[in-house]
Structure formats: C-alpha cells, structure tokens
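See below for the structure under consideration.
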Amino acid sequence: MKNINTALVLGATGLVGKALVTQLLSDSRYCKVTCLVRKPLKHCDYPDPKGILEPIVIDFDALQDYQGYFNADHIYVCLGTTIKHAKSRAAFRKVDFEYVHIAAQLARAQKAKSFVWISSVGANAKSKSFYLRVKGELENAILNLSGLQQPSAVRPSLLLGERPETRFAERIGIVFAKLISPLLFGRWAKYKPVSARQVAAHMITLQDFSAKESAK
Numbered sequence: 030m031k032n033i034n035t036a037l038v039l040g041a042t043g044l045v046g047k048a049l050v051t052q053l054l055s056d057s058r059y060c061k062v063t064c065l066v067r068k069p070l071k072h073c074d075y076p077d078p079k080g081i082l083e084p085i086v087i088d089f090d091a092l093q094d095y096q097g098y099f100n101a102d103h104i105y106v107c108l109g110t111t112i113k114h115a116k117s118r119a120a121f122r123k124v125d126f127e128y129v130h131i132a133a134q135l136a137r138a139q140k141a142k143s144f145v146w147i148s149s150v151g152a153n154a155k156s157k158s159f160y161l162r163v164k165g166e167l168e169n170a171i172l173n174l175s176g177l178q179q180p181s182a183v184r185p186s187l188l189l190g191e192r193p194e195t196r197f198a199e200r201i202g203i204v205f206a207k208l209i210s211p212l213l214f215g216r217w218a219k220y221k222p223v224s225a226r227q228v229a230a231h232m233i234t235l236q237d238f239s240a241k242e243s244a245k
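Okay, here's the thing in structure tokens:
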C-alpha cells in the first residue's frame, strides 16, 4: 500500500494528540505528518520509523499566518485546555473555540480533504455548562462552514491515559467512572471513559482514503 497521504496535527502534545501522532507515524498510508506546536517536540516521545515527522513551532495567536501548512490531505485538531490552566473564560475560549475555528477556515481555504477535531460528549450550544456550551458553539460554527470538506467532531467522554501533570480531582473522577462504567449502556454508553488511543484511532477511521487508493 502506497503512503501518499499527508496529515497536519494541531495539539500534538496533548493526551489524544500524542496518541494520534504516534499512530499516524506508523500508518502506511501517510508519507508526511506535520505538527504545529508551541515549542519543540521531544522526538523520543514520537517514534518515527519512516522519518516523516515535521514539527513546526508557531505562534498560535497568529495562526492565520501559517495557512500554507493547511494544504495537507487530512487536518486533525486536538487542541484543548481547562479553565484552571487558561486562568479565565476568555483565555479558555481562545484555545477551545477561536484557534479551532480559525484552523477550520484555513483548512477550507487550502481545500483540505477532511477536518476532524476533538469536541466533548454533551456538547451543546445551549448548555448551562460554560465548557459544554463553548464546545457546542464550536460544533455549530464549523459544521456550518460552507465549503469545508468532511468536517467531523469527535465527542469523547472522560479520557484515560498517562498525563505529565497530576490532576487530583480528575484522578478521582476516573476511578469513579471506571467503577460505574459497567452500568452505562444504551443511551448512557457514550459517557463511558475512553482511552486516548481509542479516540485517536477513531479519528483516523473517519478519513476517506478510497480516492487515493483507487489511483494506485
């Protein structure tokens, strides 16, 4: 199978982003994986057997200046923060809404073949939760972008995986979620905790490789 597809990843250092890049680097269908990052990546964290990783350090506040990188076949956006880290609602919205929305517009301008981003289970523009409301508003904004090819929002529940920082409340939540997970089925199944690797794998399955594969 020829590796003739290119990918662009935003948010490569996060829990899902790291798992996603790792999987893309070993996927035989890709010949290049570009990551837009705030600071240099630790290459030891990203096994690159084919030598196809290209990390680019950028200023996300000037994301529109990097439009040329969005001519990749598949755009993956794993950007996200917490209000605790962002320090304010405005700063949170800048990362979780503005950066992702701008990325979608750049993907449309460069005619990328797909745009997949991380949302959240329960995302709803009318939610009383600020977090879920922002996620819902973003979904509406991106899905209503005329001309954007194959936009897909991935809605994970609580994410499982090794994080560099310790979040006590989150650890407690994960333990509780694992305990009640067997009881979550039917319409409640979407609230089961899910591993970052599973989310990353699902993002890749949303891509349509058939057009290029048929040309082999």
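Under this note's numbering, the sequence shown is numbered contiguously, ending at residue 245.
We treat Cβ as the ideally placed atom computed from N, Cα and C, and that holds for glycine.
The model shown is predicted, which means the values in this text are computed figures rather than measured ones.
Checklist entry - Counting Cβ pairs closer than 8 Å, one from the stretch 47-60 and one from the stretch 223-230, do we hit at least three? => result yes
Item to check | Within the stretch 54-83, ranges of the beta strand (DSSP E) (whole runs, at least 3 residues) | outcome: 59-66
Checklist entry - Would a C-beta distance cut-off of 8 Å place residue 104 and residue 44 closer than the cut-off? => result By one-based count along the sequence shown, residue 104 stands at place 75. By one-based count along the sequence shown, residue 44 stands at place 15. No, Cβ-Cβ distance for residue 104 and residue 44 is not below 8 Å.
Checklist entry - Under 8 Å between the Cβ atoms of residue 40 and residue 151? => result Within the sequence shown, the letter at position 11 stands for residue 40. Within the sequence shown, the letter at position 122 stands for residue 151. No, they are not a contact pair.
Item to check | Check whether residue 42 and residue 62 have beta carbons under 8 Å apart | outcome: Along the sequence shown, read from residue 1 onward, the residue named residue 42 stands at position 13. Along the sequence shown, read from residue 1 onward, the residue named residue 62 stands at position 33. Result no, Cβ atoms of residue 42 and residue 62 do not sit closer than 8 Å.
Item to check | Where the alpha helix (DSSP H) containing residue 234 begins and where it ends | outcome: As a working mapping, residue 234 is identified with position 205 in the sequence shown. Residue 234 -> alpha helix (DSSP H) spans 225-234.
Next on the checklist: For the structure I just gave you, are there three or more beta carbon pairs, one from the stretch 72-83 and one from the stretch 106-124, closer than 8 Å?
Outcome noted: no
Checklist entry - Ordered along the chain, which non-local residues of its own chain (more than five positions away) have a Cβ less than 6 Å from that of residue 299? => result Residue 299 cannot be examined here, being either before or after the span of the chain that is shown, 30 to 245.
Next on the checklist: Taking 8 Å as the cut-off, does the stretch 92-102 touch the stretch 67-75 (at least 3 CB pairs, one atom from each stretch)?
Outcome noted: no
Checklist entry - Taking the runs of the beta strand (DSSP E) that are 3 residues or longer, which of them lie wholly in the stretch 99-170? => result 103-106 and 143-147
Item to check | Reduced DSSP category for residue 36 - H, G, I as helix; E, B as strand; rest coil | outcome: Within the sequence shown, the letter at position 7 stands for residue 36. If DSSP states are grouped into helix, strand and coil, residue 36 belongs with the strands.
Checklist entry - DSSP puts residue 182 in a beta bridge; with which residues? => result Counting from one through the sequence shown, the residue named residue 182 turns up at place 153. Answer is 146.
Next on the checklist: Excluding the 5 residues flanking residue 176 on each side, which residues of the same chain have their C-beta closer than 8 Å to its C-beta?
Outcome noted: Against the sequence shown, residue 176 aligns to sequence position 147. These residues qualify, in order along the chain: 137.
Checklist entry - Who are the Cβ neighbours of residue 218 in its own chain at under 6 Å, not counting the five residues just before and after it? => result The count along the sequence shown starts at 1 and reaches residue 218 at position 189. Any reading at residue 218 must be qualified, since the residue scores a pLDDT of 49, below 50, and its modelled position is unreliable; no value is offered.
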